[in-house]
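*Asks:*
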Amino acid sequence: MKSIGGIYTYRCPKDKTNTVWQELCLAAIGEQFSVIEGDDVVGVSVQSRDGLQDLVQIWNSNPSEQAQNLIDEKIRNLFPDINFTIKFYKANSSHANFEAVRILAKTLQATTATETNWTYDQSWLAIMCTSPSILKRHVAIARLKNPCNLGRNCQEARFIVFILSPMKEKGTKNFLETGRTFATIFADIELRAKLLKAATQQEFISIIDKHTDHLMEQQTAVTRSSLPDPFDDTNTNTEASKDKIYYFPIPSDICMDLSRRLPHYLSDYYDIFQTHHGPQKVLSTAVFLYFACLLPSIAFGVLNSQATNNQI
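FYI, in my numbering the residues of the sequence shown are -8 to 303.
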């Protein structure tokens, strides 16, 4: 039977697995493994094993001896300090179908809605996945040299955000929440324009950090719609614009809180009388509280009288 794919299996030390995994993903996204036509790499995976080594697998679509030697050479150049044990074998059509790995199952993109339709922002794509062999999240951001076609809704991708998360993770830290965070960041067209002009990796990271800090400031800024804006001329008349408005946090907050609560204080007293057994409940509660307060008062009064020779 004619083979349709091949797998390169590298035995990697466990302390190097995360580094190898990240570099291989970036290399695959950047098409560094495209050796000859028809021999492109179509998948990268990591399998955790007991012992001192993990399995790192690289899949390609239609391997040849030339592609095997070139990919092995590229791996050795990427990780010159790691002593890999390599094994290569071909998979037949009854065991593997490499076309399936070309479909992205979990992605995030920005959309623009109008009155008639909505369109995708095709300049970036967030790819998310989970793996049981890792213990913490990993995020890789790639800026492609040329636009890449990643499907019918992302035909001109320049930025790819790859998010890898453990299978068991908190709801606020899982792959979806992490993807939403980076999707919010990359939805800004001005940020993407700055990232395209970044010359170094440090400048690239610095631009993202500054934009993230700016978004956090916007989220934490308290907007008080109940207080008039002294600089807003559209909502103030001529006389009010002459007066200066001062804001004191503590007194103003107390006043605002009381203004919200006062209309509901009276309802605490007359709402009970609008029910069917309301008056009976009020009467029984009043009698209970009367005796509950009377008896301790008598007891403490007698005790104070004896202790102070009837002076109290």
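Beta carbons: idealized from backbone N, C-alpha and C, even for Gly. For clarity, every value in this text was computed on a predicted model and none was experimentally measured.
Between which two residues does the alpha helix (DSSP H) carrying Arg183 extend?
*Replies:* Taking the first residue of the sequence shown as 1, we reach residue 183 at position 192. Note, Arg183: alpha helix (DSSP H), Ile180 to Lys188.
*Asks:* Please report the Cβ distance between Ile118 and Ile154, rounded to the nearest whole angstrom; I am assuming they are in contact, meaning their Cβ atoms lie under 8 Å.
*Replies:* If you number the sequence shown from 1, residue 118 lands on position 127. If you number the sequence shown from 1, residue 154 lands on position 163. Contact holds; Cβ gap of about 7 Å.
*Asks:* Please identify the residue among Leu99, His268 and Tyr111 whose C-alpha is closest to the C-alpha of Thr172.
*Replies:* In the sequence shown, residue 172 corresponds to position 181, counting from 1. Nearest option by C-alpha distance: Leu99.
*Asks:* What is the rounded straight-line gap between the Cα of Val130 and the Cα of Asn68?
*Replies:* Position 139 of the sequence shown, counted from the first residue, corresponds to residue 130. Position 77 of the sequence shown, counted from the first residue, corresponds to residue 68. In a straight line, the C-alpha of Val130 is about 23 Å away from that of Asn68.
*Asks:* How about the stretch 97 to 114 and the stretch 142 to 149: do they share at least three Cβ pairs that are nearer than 8 Å?
*Replies:* As far as the Cβ criterion goes, the stretch 97 to 114 touches the stretch 142 to 149, which means the pair count is three or higher.
*Asks:* Out of Ala283, Arg134 and Ile263, point me to the one whose CA is closest to Gln192's CA.
*Replies:* Locating residue 192 in the sequence shown gives position 201, counting from the first residue. Of Ala283, Arg134 and Ile263, the residue nearest in Cα terms is Arg134.
*Asks:* In this structure, how does DSSP classify His129 when only helix, strand and coil are distinguished?
*Replies:* Translated into the one-based positions of the sequence shown, residue 129 becomes position 138. The answer is strand: DSSP assigns His129 an E or B state.
*Asks:* Could you tell me which residues DSSP puts in a beta bridge with Ile151?
*Replies:* The sequence position of residue 151 within the sequence shown is 160, counting from 1. Looking at the DSSP assignment, Ile151 forms a beta bridge with Leu116 and Ala133.
*Asks:* So what does Thr121 bridge to, in DSSP terms?
*Replies:* One-based indexing of the sequence shown puts residue 121 at position 130. DSSP, once it has assigned bridges, lists Ser156 as partnering Thr121.
*Asks:* Could you spell out where the alpha helix (DSSP H) holding Thr172 opens and where it closes?
*Replies:* Along the sequence shown, read from residue 1 onward, the residue named residue 172 stands at position 181. Start and end: Phe166 to Phe177.
*Asks:* Mark Phe282 as exposed unless 16 or more other C-beta atoms lie within 10 angstroms of its C-beta, in which case mark it buried.
*Replies:* Looking up residue 282 in the sequence shown gives position 291. The residue in question, Phe282, is exposed, as its Cβ has fewer than 16 Cβ neighbours within 10 Å.
*Asks:* Over the uninterrupted beta strand (DSSP E) stretch that includes Thr110, give me the two end residues.
*Replies:* To locate residue 110, count along the sequence shown from 1; it is residue 119. Start and end: Trp109 to Tyr111.
*Asks:* Could you give the first and the last residue of the continuous beta strand (DSSP E) run that contains Thr299?
*Replies:* Walking along the sequence shown from the start, residue 299 turns up at place 308. Element bounds for Thr299: n/a, residue is neither H nor E.
*Asks:* Within its chain, find whatever has a CB closer than 8 Å to the CB of Lys127; leave out the 5 residues flanking it on each side and keep chain order.
*Replies:* Position 136 of the sequence shown holds residue 127. Only Pro157 meet the Cβ criterion.
*Asks:* Would Tyr1 be called buried (16 or more neighbouring beta carbons within 10 Å of its own) or exposed?
*Replies:* Position 10 of the sequence shown, counted from the start, is the residue given in the question as residue 1. Classification for Tyr1: buried.
*Asks:* With distances taken from CA atoms, which of His255, Pro270, Ser124 and Ala96 is nearest Thr8?
*Replies:* Position 17 of the sequence shown holds residue 8. Of the candidates His255, Pro270, Ser124 and Ala96, the one whose C-alpha sits nearest the C-alpha of Thr8 is Ser124.
*Asks:* Please classify Cys3: is it buried, with 16 or more other beta-carbons within 10 angstroms of its beta-carbon, or exposed?
*Replies:* Here the question's residue 3 lines up with position 12 in the sequence shown. By the 10 Å Cβ count, Cys3 comes out buried.
*Asks:* Using the three-state DSSP reduction, which class does Thr191 fall into: helix, strand or coil?
*Replies:* Against the sequence shown, residue 191 aligns to sequence position 200. In this structure, Thr191 counts as coil in the three-state DSSP scheme.
*Asks:* Could you check where the alpha helix (DSSP H) with Asp6 kicks off and where it finishes?
*Replies:* One-based indexing of the sequence shown puts residue 6 at position 15. Looking at the DSSP string, Asp6 is not in any alpha helix (DSSP H), and its letter there is neither H nor E.
*Asks:* Whole angstroms are fine: how far does the CA of Gly292 sit from the CA of Ala298?
*Replies:* For this step, residue 298 is matched to residue 307 along the sequence shown. For this step, residue 292 is matched to residue 301 along the sequence shown. Their backbone Cα atoms lie some 10 Å apart in a straight line.
*Asks:* Specify the secondary structure class of Cys246 as computed by DSSP and reduced to three states.
*Replies:* Reading the sequence shown from its first residue, position 255 is the one you call residue 246. If DSSP states are grouped into helix, strand and coil, Cys246 belongs with the helices.
*Asks:* With a threshold of 7 Å on Cβ separation, who are the neighbours of Asn165 within its own chain once the five nearest residues in sequence on each side are excluded?
*Replies:* For the purposes of this step, residue 165 is taken as residue 174 along the sequence shown, with counting starting at 1. Taken in chain order, the residues that qualify are Ser156.
*Asks:* State the start and end residues of the unbroken beta strand (DSSP E) segment that holds Thr103.
*Replies:* Walking along the sequence shown from the start, residue 103 turns up at place 112. Taken as a continuous stretch (DSSP letters only), the beta strand (DSSP E) holding Thr103 covers Thr102 to Ala104.
*Asks:* Quick one: what does DSSP say Pro138 is sitting in, helix, strand or coil?
*Replies:* Locating residue 138 in the sequence shown gives position 147, counting from the first residue. DSSP places Pro138 in strand when its eight states are reduced to three.
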